[in-house]
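Numbering (the working numbering), first residue to last: 219 to 571. Here's the structure, in structure tokens; my notes come after.
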């Protein structure tokens, strides 16, 4: 008995009569099929048996599965395991590979340049036997992030704290004079204040704060509500029954204290934003459903620019001219607020008793 291929082994090379022969083939580490022949010699005769073996599926694998570089770059190696010829290429000029082609197993050196920008990724592509696979390379870069990217600010203005997280120095600027910063430069991460001034105009406005670093640009968009040209802006008006501490004790129209024998029922709570420091007077009057007007009085207060105030009057004296007592009859009444003879707020309320 004979064989013509070393990768074939036989459990026996001779025999007599009937017997069982075991044929063993070694693993085929090639990407092409192969054949061998086993010849049986019986006297002067020879019988050939063909042995065929399928090819191994071609592959290219790596260890480690990907590489990470820091900002400074450098060189690292990967181990390539393969059963065939391969070629490799890259499309990013910040990487170099050596070698760029090989046969079967190989060690490849990958070199990355210094990164002057943000984090970046690249891929080494391997071609083999009509197939392809990729190896990922990642390099750390510069970054800058903010805790706020947009702000909606009331007319009074505000001071907003923003945390800047960065691994490089940065500079910042604004496009509006009503926006200022506590810091316009820092060598890295920092907490800063963005100060938005009061809007003393009757229209809303927008502005930006821009941060620039090696990571590029980041922008905070700021929108501010319309303000007023008067010293203050009424932002909320409530009419209810208040106690002496300014707490609501019930809707004045349903308050049990409101009856024809009492004058201590309805109160006004006014919230306003102040744009100029000084003493001011808010005039209040009430107009009945029949068109009769009753003065409710004046509210005097001292305000400081940039602050928000709440004034609470726990009662309204229902008197005409402050001399003759007159109670409101059931119906609707319009409470109006004036500053310098200009109405700045109003509310219509129903009186029941």
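Cβ coordinates follow ideal geometry from the N, Cα and C atoms, glycine included.
Where residue i and residue j are concerned, what is the direct C-alpha to C-alpha distance, given to the nearest angstrom?
i, j, result
"residue 267", "residue 221", "9 Å"
"residue 400", "residue 412", "7 Å"
"residue 435", "residue 385", "14 Å"
"residue 382", "residue 402", "12 Å"
"residue 552", "residue 564", "7 Å"
"residue 352", "residue 329", "17 Å"
"residue 539", "residue 503", "The pLDDT assigned to residue 539 is 36, lower than 50, so where the model puts this residue is not dependable; a value taken from the coordinates is nonetheless given after this. Approximately 11 Å, taken between the alpha carbons."
"residue 195", "residue 229", "In this structure the chain extends from 219 to 571, so residue 195 is not present and cannot be described."
"residue 316", "residue 327", "5 Å"
"residue 261", "residue 252", "29 Å"
"residue 340", "residue 309", "8 Å"
"residue 418", "residue 355", "55 Å"
"residue 227", "residue 290", "56 Å"
"residue 277", "residue 387", "46 Å"
"residue 306", "residue 263", "54 Å"
"residue 318", "residue 405", "41 Å"
"residue 397", "residue 488", "29 Å"
"residue 219", "residue 244", "19 Å"
Taking all protein chains shown into account, do 16 or more other C-beta atoms lie within 10 angstroms of the C-beta of residue i, making it buried, or fewer, making it exposed?
i, result
"residue 536", "Bear in mind that a pLDDT of 42 at residue 536, under 50, signals an unreliable position, so the number given afterwards is only what the model happens to contain. Under this definition residue 536 is a buried residue."
"residue 375", "buried"
"residue 320", "buried"
"residue 346", "buried"
"residue 247", "exposed"
"residue 416", "buried"
"residue 255", "exposed"
"residue 431", "buried"
"residue 302", "buried"
"residue 224", "exposed"
"residue 451", "buried"
"residue 534", "Because residue 534 sits at a pLDDT of 47, beneath the cut-off of 50, its placement in the model cannot be relied upon, and the point is left open."
Rounded to the nearest angstrom, how far is the Cβ of residue i from that of residue j, given a contact under 8 Å?
i, j, result
"residue 367", "residue 336", "That belief does not hold up - the Cβ atoms of residue 367 and residue 336 are roughly 17 Å apart, past 8 Å."
"residue 258", "residue 265", "4 Å"
"residue 490", "residue 527", "6 Å"
"residue 420", "residue 445", "7 Å"
"residue 300", "residue 323", "6 Å"
"residue 338", "residue 314", "In fact, because the Cβ distance is near 15 Å, the residues do not count as touching under 8 Å."
Could you tell me if the beta carbon of residue i falls within a distance shorter than 7 Å of some heavy atom in the ligand MG?
i, result
"residue 376", "Ligands in the displayed structure: none, and consequently the ligand MG is not present."
In the DSSP assignment, what are the bridge partners of residue i?
i, result
"residue 284", "354"
"residue 384", "362"
"residue 340", "355"
"residue 254", "269"
"residue 322", "Paired residues: none, contrary to the question."
"residue 521", "496"
"residue 230", "BP columns for residue 230 are empty, so no partner."
"residue 369", "440"
"residue 374", "Its beta-bridge partners do not exist; DSSP assigns none."
"residue 220", "257"
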